[in-house]
Each structure stands twice: as structure tokens, then as C-alpha cells.
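Colleague:
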Amino acid sequence: MAHKIEMQICLGSSCFSRGNRDVVAYIREYLRKNHLEDKIIFRGARCMNRCSNGPNLRINERTIEDVTLSKIENILEQEFGTIK
Ligand code: FES
258 MAHKIEMQIC LGSSCFSRGN RDVVAYIREY LRKNHLEDKI IFRGARCMNR
308 CSNGPNLRIN ERTIEDVTLS KIENILEQEF GTIK
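In the working numbering, the protein residues as written are 258 to 341.
#1: Rounded to the nearest angstrom, what separates residue 208 and residue 289 at their Cα positions?
#2: So if DSSP puts residue 314 in a beta bridge, which residue, or which two residues, is it bridged to?
#3: Compute the minimum distance between the beta carbon of residue 327 and the heavy atoms of ligand 1, and state whether it is under 7 Å.
#4: Relative to ligand 1, is the shortest distance from any of its heavy atoms to the C-beta of residue 317 smaller than 7 Å?
#5: Looking at residue 285: is its Cβ nearer than 8 Å to the Cβ of residue 311?
#6: Any idea which residues DSSP pairs residue 302 with across the strands?
#7: Within 10 angstroms of its Cβ, does residue 342 collect 16 or more other Cβ (buried), or is it exposed?
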């Protein structure tokens, strides 16, 4: 793949306290397990100014809203299932 994928998770206080605290750990583990750490740049971001739709995750320029621990596996599989 030519370009790395950039994934940012909102760690602003609203998203963080409403679930992203745990989702961060889940994503880190997912990337490690699936050997995706060199293909996907993953980092925390400040408040994305969409708190009421959060918790938020951004993949490249696209924002995924209402992320939860129960949904994150499906989201990651949908996004990255074909490249792992
Ligand atoms: S804290 Fe995540 S959008 Fe504001």
C-alpha cells in the first residue's frame, strides 16, 4: 500500500470518559495482534469539536461517531480486514 493509514482517536475529556479510554487499549492490542502497526499510524487527538456525536474516531479524513467498545471490533474489521 502506498500510503499509510492514519487513525486518530479523540482523547478529549468527553470522548475519553465516555469510552475512548478503553477503546484506545483495544485498538492498540488489535493493531499489535494483526501486525498492522507499521501500516497504520495510530494516535490520540484533542477534542474534535463533535463531542455530542462521540466518542469519535477518525480514519484518514473520515470521522466515525458513536464508537463503543462493543462496536470497535466490527469497525476495525470493516476498515482493515482486507489488509491484515
Ligand atoms: S471530546 Fe471528542 S469530540 Fe470533543
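Ideal placement from N, C-alpha and C gives every residue a C-beta, glycine not left out. All values derive from a computational prediction rather than experimental measurement.
Modeller: Well, looking at it:
#1: Within the shown structure, residues of the chain are numbered from 258 to 341, placing residue 208 beyond reach of any answer.
#2: Beta-bridge pairing by DSSP links residue 314 to 266, 321.
#3: Checking every heavy atom of ligand 1 against the Cβ of residue 327, none is found closer than 7 Å.
#4: No, the beta carbon of residue 317 sits no closer than 7 Å to any heavy atom of ligand 1.
#5: In this structure, residue 311 does not lie closer than 8 Å to residue 285 by Cβ.
#6: In the DSSP assignment, residue 302 forms a beta bridge with 267.
#7: The question about residue 342 has no answer here: the residues shown for the chain are numbered 258 through 341.
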